[in-house]
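Protein sequences appear in the order of chains B and Y. Heads up: the first sequence is residues 1 to 161, going by this note's numbering. Heads up: the second sequence is residues 1001 to 1161, going by this note's numbering. What follows is a set of notes on a single structure, which appears directly below.
2 protein chains.
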Amino acid sequence: MGVDCHHTESAQPGLEGAALASAVAAAETKCERTRERLTPPRRRVLELLLEADGPMKAYDLIAAYGQDGEPAKPPTVYRALEFLERLGFAHRIESLNAYVPCRMEGTSHRAAFLICECCGTAEEFEPDFAPQFAAAEAAGYAVRTVTLEARGLCPACKGGA
Amino acid sequence: MGVDCHHTESAQPGLEGAALASAVAAAETKCERTRERLTPPRRRVLELLLEADGPMKAYDLIAAYGQDGEPAKPPTVYRALEFLERLGFAHRIESLNAYVPCRMEGTSHRAAFLICECCGTAEEFEPDFAPQFAAAEAAGYAVRTVTLEARGLCPACKGGA
DNA sequence: AACCAATGCGTTATGAAATAACATAACCCG
DNA sequence: CGGGTTATGTTATTTCATAACGCATTGGTT
């Protein structure tokens, strides 16, 4: 992954069993409140994101989509991703062309990630863009969304090799 | 462009004539200092970025590459872009799949942009990530690069329609 | 000068990521 | 039930990016 240290895979454990079901249920509930529909493809893609150990590429999702091994058609997944992003259930990581489930509650139009170039994990954190944000608005900009992506090495990969 | 107001094109004027030559010369000088080589393809791509009125897509650069109208081969341009980014002469805007010349002096590993979803301009600004940066390092991360992309409407597009 | 390692380039081909366009189906609401 | 709206299925295509390989140029070394 750019810098090379050779960890097999990521440190970000995916959800399973009850935790997974509960996360999906929470999304369901939120949807109901806003009269949005968590349809089967949307639910399925959300599940895949939640189960994953790290950021998922769109074509990983496409390949993993069918429980029977049948891939999805690209638009199915891209449309679901668009929905999940719109509702704040998922984020796209631009510098990775990949997607993660949102791990911050009450998120809105901002997302920030610490991306490990060794193990590939992407940890979401609460940014506090207040200063930049204010500066932009002062300059006359109407900011709608902000994304921040910091790349480097996570504690585990920094320490080890 | 997502939000629709119908300005023909961007408000970010490209360089030409003496200003262009001088910007290229400055890059040349910087390269010499670090024993890097601003070879013809690299110089050409830098010129194209500097001349442009806004972010350039890779395939725009490919198409515009030859003075005679001959396009470049993709690797030519992608390799040049890699070089220009490495030296801080250009930035990739992830959320646009596009490239801009660096407009901040003495830049390093960080870049921040205000991207207008109407007219397509991308204004670089000085971020001051100190707080986020410090927080990340405190959490044990070794941050190498940071990019921030704020999307919204520029003053011109916000005001008009 | 002759050599050699390192870097960059040209070229062909292919891989990966995302969307256009259009037909069909399900949902909501009056 | 009728009719608008939203979502899906499907085919094809477009857009973005890199692999792989051989040749050329550079710059240092003997």
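Built from N, CA and C at the ideal position, the CB exists for glycine as well.
query: Quick one: what does DSSP say A1161 (chain Y) is sitting in, helix, strand or coil?
result: As a first step, residue 1161 (chain Y) is located in the second sequence; it is residue number 161 there, counting from the start. Residue placement at A1161 (chain Y) is poorly supported in this model, since its pLDDT is 45, which falls under 50; the coordinates are not used for a value here.
Beta-carbon separation (whole angstroms), A63 (chain B) vs Y99 (chain B), contact threshold 8 Å | The count along the first sequence starts at 1 and reaches residue 63 (chain B) at position 63. The count along the first sequence starts at 1 and reaches residue 99 (chain B) at position 99. A63 (chain B) to Y99 (chain B), Cβ: 14 Å. No contact.
Return yes when the Cβ of K158 (chain B) is within less than 8 Å of the Cβ of G1140 (chain Y), no when it is not.
Counted from its first residue, the second sequence places residue 1140 (chain Y) at position 140. Counted from its first residue, the first sequence places residue 158 (chain B) at position 158. Result yes, Cβ atoms of G1140 (chain Y) and K158 (chain B) sit closer than 8 Å.
| query | Is F89 (chain B) helix, strand or coil when you go by DSSP? | reply | Taking the first sequence and counting its residues from 1, the one referred to as residue 89 (chain B) is at position 89. Coil at F89 (chain B), not helix or strand.
Excluding sequence positions up to five away, which residues of its chain have a Cβ less than 8 Å from the Cβ of I1093 (chain Y)?
Position 93 of the second sequence, counted from the first residue, corresponds to residue 1093 (chain Y). These residues qualify, in order along the chain: P1055, Y1099, V1100, F1113, I1115, A1122 and E1149.
Q | Beta-carbon proximity list for G1014 (chain Y), same chain, < 6 Å, skipping 5 on both sides | A | Residue mapping note: residue 1014 (chain Y) aligns to position 14 of the second sequence, counting from 1. Apart from the 5 residues on each side of it in sequence, G1014 (chain Y) sits with its Cβ closer than 6 Å to the Cβ of E1051, A1052 and D1053 in its chain, given in chain order.
Q) Is there a Cβ from chain Y that is less than 8 Å from the Cβ of Y141 (chain B)? A) As a first step, residue 141 (chain B) is located in the first sequence; it is residue number 141 there, counting from the start. Interface residue, yes.
- Does the region 1125-1142 of chain Y touch the region 1079-1096 of chain Y, meaning 3 or more C-beta pairs lie closer than 8 Å? Because the criterion of three Cβ pairs below 8 Å is not met, the region 1079-1096 of chain Y and the region 1125-1142 of chain Y do not touch.
For chain Y, check one thing: does any of its Cβ atoms lie closer than 8 Å to the Cβ of T147 (chain B)? Counting from one through the first sequence, the residue named residue 147 (chain B) turns up at place 147. Interface residue, yes.
task: Flag R1079 (chain Y) as yes if its beta-carbon sits less than 8 Å from any beta-carbon of chain B, otherwise no.
output: As a working mapping, residue 1079 (chain Y) is identified with position 79 in the second sequence. It does not; no Cβ of chain B falls within 8 Å.
Margin query: Rounded to the nearest angstrom, what separates E124 (chain B) and P1075 (chain Y) at their Cα positions?
Written below: Here residue 124 (chain B) is taken as the residue at index 124 of the first sequence, counted from 1. Here residue 1075 (chain Y) is taken as the residue at index 75 of the second sequence, counted from 1. If you draw a straight line from the Cα of E124 (chain B) to the Cα of P1075 (chain Y), it is about 34 Å long.
| request: State yes or no: is the beta carbon of K1057 (chain Y) nearer than 8 Å to at least one beta carbon in chain B? | output: Here residue 1057 (chain Y) refers to the residue found at position 57 when the second sequence is read from its first residue. Among the CB atoms of chain B, none fall inside 8 Å of the CB of K1057 (chain Y).
How is the beta strand (DSSP E) around F125 (chain B) delimited, first residue to last? Position 125 of the first sequence, counted from the first residue, corresponds to residue 125 (chain B). Following the DSSP letters along the chain, one finds F125 (chain B) inside the beta strand (DSSP E) bounded by residues A122 to F125.
Top-ranked residue by Cα proximity to E1070 (chain Y), from Y:D1060, Y:R1079 and Y:Y1078: Locating residue 1070 (chain Y) in the second sequence gives position 70, counting from the first residue. It is Y:D1060 whose Cα lies nearest to the Cα of E1070 (chain Y).
Item to check | Extent of the continuous alpha helix (DSSP H) run through P1131 (chain Y) | outcome: For the purposes of this step, residue 1131 (chain Y) is identified with residue 131 of the second sequence, where counting begins at 1. The continuous alpha helix (DSSP H) containing P1131 (chain Y) extends over residues A1130 to A1138.
| query | Listed from N- to C-terminal order along the chain, which residues in the region 1094-1109 of chain Y have their beta-carbon within a distance smaller than 7 Å of any beta-carbon of chain B? | reply | The residues in question are E1094 and S1095.
Which residues DSSP lists as bridging I115 (chain B), in chain order: Taking the first sequence and counting its residues from 1, the one referred to as residue 115 (chain B) is at position 115. The partner list for I115 (chain B) (beta bridge, DSSP) reads B:A122 and B:R151.
Going straight from the alpha carbon of A1019 (chain Y) to that of R1042 (chain Y), what length do you get?
-> As a first step, residue 1019 (chain Y) is located in the second sequence; it is residue number 19 there, counting from the start. As a first step, residue 1042 (chain Y) is located in the second sequence; it is residue number 42 there, counting from the start. Our two residues, A1019 (chain Y) and R1042 (chain Y), have alpha carbons roughly 18 Å apart in a direct line.
Where does Q67 (chain B) land, buried or exposed, given buried means 16+ other C-beta within 10 angstroms? Locating residue 67 (chain B) in the first sequence gives position 67, counting from the first residue. Looking at its Cβ environment, which holds fewer than 16 other Cβ atoms inside 10 Å, Q67 (chain B) is exposed.
Using the three-state DSSP reduction, which class does A142 (chain B) fall into: helix, strand or coil? Here residue 142 (chain B) is taken as the residue at index 142 of the first sequence, counted from 1. Strand at A142 (chain B).
- Does the beta carbon of D60 (chain B) come closer than 8 Å to any beta carbon on chain Y? Position 60 of the first sequence, counting from 1, holds the residue named residue 60 (chain B). Not an interface residue.
> Buried or exposed: which applies to E1047 (chain Y), given that a residue is buried once 16 or more other Cβ atoms fall within 10 Å of its Cβ?
Replying inline: Along the second sequence, one-based indexing puts residue 1047 (chain Y) at 47. The residue is buried, with at least 16 neighbouring Cβ atoms inside 10 Å.
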